[in-house]
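Below is one structure, written out as structure tokens; the observations come after it.
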Amino acid sequence: DAMVIQNPRYQVTQFGKPVTLSCSQTLNHNVMYWYQQKSSQAPKLLFHYYDKDFNNEADTPDNFQSRRPNTSFCFLDIRSPGLGDAAMYLCATSRVPGEETQYFGPGTRLLVL
Amino acid sequence: SQQGEEDPQALSIQEGENATMNCSYKTSINNLQWYRQNSGRGLVHLILIRSNEREKHSGRLRVTLDTSKKSSSLLITASRAADTASYFCATDITGYSTLTFGKGTMLLVSP
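See below:
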């Protein structure tokens, strides 16, 4: 089945230790998104890629970076995780921008010790 | 500040009853979408309604949109225990699919 896959489902890292979360998709969608969702809060868009074009939200901290080496994969890098970065990180895709539904992966729950 | 605000924050009903959730937003939108999230999982798209539409149906779901009041409602009819989840509205201001989500309504359907 075509889908959005996130690995790992749970990630534990230490304060200040760089961590990378991965997302892959078999939908061949052009757009990939990363959201941060803290407990009992709304998902918050961090950035998205339209093909190779990177679009950063204005209030996304510099600590968060992303890479998209090809259509299928997208990575979220947190350079120096703080305790406040503990959250669920959701990857999503859409075929094209504009009036399109988004397809979400199951998320990676990040714990920072 | 947040674009979408859901109301109520939590809703508890019995199987077979209808559940209504409301969403208010602050600025003009291109479209509004509703998503469901089961505990600790990703979001699942339910329905999209465009700014020039007033009502849409999908199975047991009915969504209305009132752009003059900047509000939307999601009605789930004949609810089932499997409908237990959090429901989020998300607004697309630009038509570029950059969504702003509300905090969600937690729905509990008891057998």
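Protein sequence lines, in the order shown, are assigned to chains R and D. Start counting the first sequence at 7; every next residue gets the next number (my numbering). Start counting the second sequence at 3; every next residue gets the next number (my numbering). Cβ coordinates follow ideal geometry from the N, Cα and C atoms, glycine included.
query, result
"Contact set between the segment 85-101 of chain R and chain D, restricted to residues whose Cβ is under 9 Å from the partner", "94, 96, 97, 98 and 100"
"Interface flag, residue 101 of chain D vs chain R, CB-CB below 8 Å", "yes"
"Residues from the segment 50-65 of chain R in contact with chain D, defined by Cβ distance under 9 Å", "50, 51, 54, 56, 61 and 63"
"Minimum Cβ-Cβ distance from residue 81 of chain R to chain D less than 8 Å", "no"
"Nearest-angstrom beta carbon gap, residue 112 of chain D and residue 16 of chain D [assumed within contact, 8 Å]", "6 Å"
"Contact list for the segment 41-54 of chain D against chain R, Cβ threshold 8 Å", "42, 43, 44, 45, 46, 47, 50 and 52"
"CB contact check: residue 110 of chain R to chain D, cutoff 8 Å", "yes"
"For residue 97 of chain R and residue 9 of chain R, believed in contact at Cβ under 8 Å, the rounded distance", "Actually they are not in contact, since the Cβ atoms of residue 9 of chain R and residue 97 of chain R sit about 11 Å apart, beyond 8 Å."
"Segment contact, 8 Å Cβ cut-off, at least three pairs: the segment 24-38 of chain D with the segment 65-80 of chain D", "yes"
"Residue 38 of chain D burial status per 10 Å Cβ neighbour count (16 or more: buried)", "buried"
"8 Å Cβ cutoff met for residue 44 of chain D and residue 110 of chain R", "yes"
"Buried versus exposed call for residue 54 of chain D [16 or more other C-beta atoms within 10 Å across all chains shown]", "exposed"
"Backbone CA spacing between residue 86 of chain D and residue 66 of chain R [nearest angstrom]", "32 Å"
"Whole-angstrom distance between residue 80 of chain R and residue 23 of chain R, CA atom to CA atom", "20 Å"
"Cβ-based contacts, 8 Å cut-off: residues of the segment 55-78 of chain D near chain R", "none"
"Proximal residues of chain R, C-beta to C-beta of residue 105 of chain D below 9 Å", "46, 47 and 48"
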